[in-house]
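Numbering (the numbering used here), first residue to last: 96 to 294. Glycine included, each C-beta is placed from N, C-alpha and C at the ideal position. None of the values given here were measured: they were computed from a predicted structure.
Structure representation (structure tokens):
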């Protein structure tokens, strides 16, 4: 008489518990890194969009032979940057070029005091030592495509501009980022790494 023994295949409870512990440990190790990568990508993406909008304003000024202006406005709790006519502003409408920054990015005043980053300088933003760095006014572009300070219908001279932003990370930390406009019209984004500004 032949007997066939029943064989059970599969994992034992101990093996399943060991595998679950390994997966949980790897997830706990990888999760902070993954969150940092996603936050950095979101911050850089928002700043790249903003840099593109500045380029758009510059080219619009040249193409249309006008003075264009970059403006910022809070709408629904998020910062919206848009291109406006520098002489005859229309405000934020659906027809103007615009970009909505990620909700974690907020436009802030230049850093000051201890614990924050060192402010950017005019030379860091592509200007010479004789230029000043404007951090409070809107950036205007002349019909030649050069950044300038608008006054009474004209946009004389060239000027360097810088704007600062905070990125509120989901884990509670804050990252600093900035965009500079050189007197020649070149846009550069900067990111504070805790000790210095980097591109």
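Specify, as a first and last residue, the run of the alpha helix (DSSP H) that residue i falls within.
i	result
residue 277	Note, residue 277: premise wrong, no alpha helix (DSSP H); not H, not E.
residue 151	108 to 159
Return the CA-CA distance between residue i and residue j, expressed in angstroms with no decimal places.
i	j	result
residue 364	residue 249	Past the edges of the chain, shown from 96 to 294, lies residue 364, and the structure says nothing about it.
residue 160	residue 218	29 Å
residue 178	residue 268	31 Å
residue 243	residue 171	30 Å
residue 257	residue 276	6 Å
residue 271	residue 288	8 Å
residue 290	residue 123	28 Å
residue 227	residue 135	30 Å
residue 149	residue 130	29 Å
Measure how close the beta-carbons of residue i and residue j come, nearest whole angstrom, since I'm counting them as under 8 Å.
i	j	result
residue 162	residue 238	7 Å
residue 214	residue 206	6 Å
residue 255	residue 210	Not a contact, Cβ separation roughly 26 Å.
residue 212	residue 253	About 26 Å; that fails the 8 Å criterion.
residue 241	residue 280	5 Å
Pick out whichever of the options has its Cα sitting closest to the Cα of residue i.
i	options	result
residue 199	186, 124 and 169	169
residue 296	245, 274 and 272	As displayed, the chain neither begins before 96 nor continues past 294, which places residue 296 out of reach and without an answer.
residue 127	289, 279 and 264	264
residue 233	181, 110, 108 and 146	181
Which residues bound the beta strand (DSSP E) around residue i?
i	result
residue 179	173 to 180
residue 194	193 to 195
residue 219	Where residue 219 is concerned, there is no enclosing beta strand (DSSP E), given that its DSSP letter is neither H nor E.
residue 258	255 to 263
residue 162	Segment: none, residue 162 is in no beta strand (DSSP E) and carries neither H nor E.
residue 234	234 to 236
Only counting the same chain, and skipping five residues up and downstream in sequence, which positions put a Cβ closer than 6 Å to that of residue i?
i	result
residue 285	273 and 292
residue 260	200, 202 and 272
Following a CB-centred definition, is residue i positioned closer than 6 Å to any heavy atom of the ligand FAD?
i	result
residue 233	Looking for the ligand FAD in the displayed structure turns up nothing, as the structure carries no ligands at all.
Leaving out five residues before and five after residue i in sequence, what residues of the same chain have Cβ atoms less than 8 Å from its Cβ?
i	result
residue 175	167, 168, 169, 187, 193, 194, 195 and 196
residue 112	none
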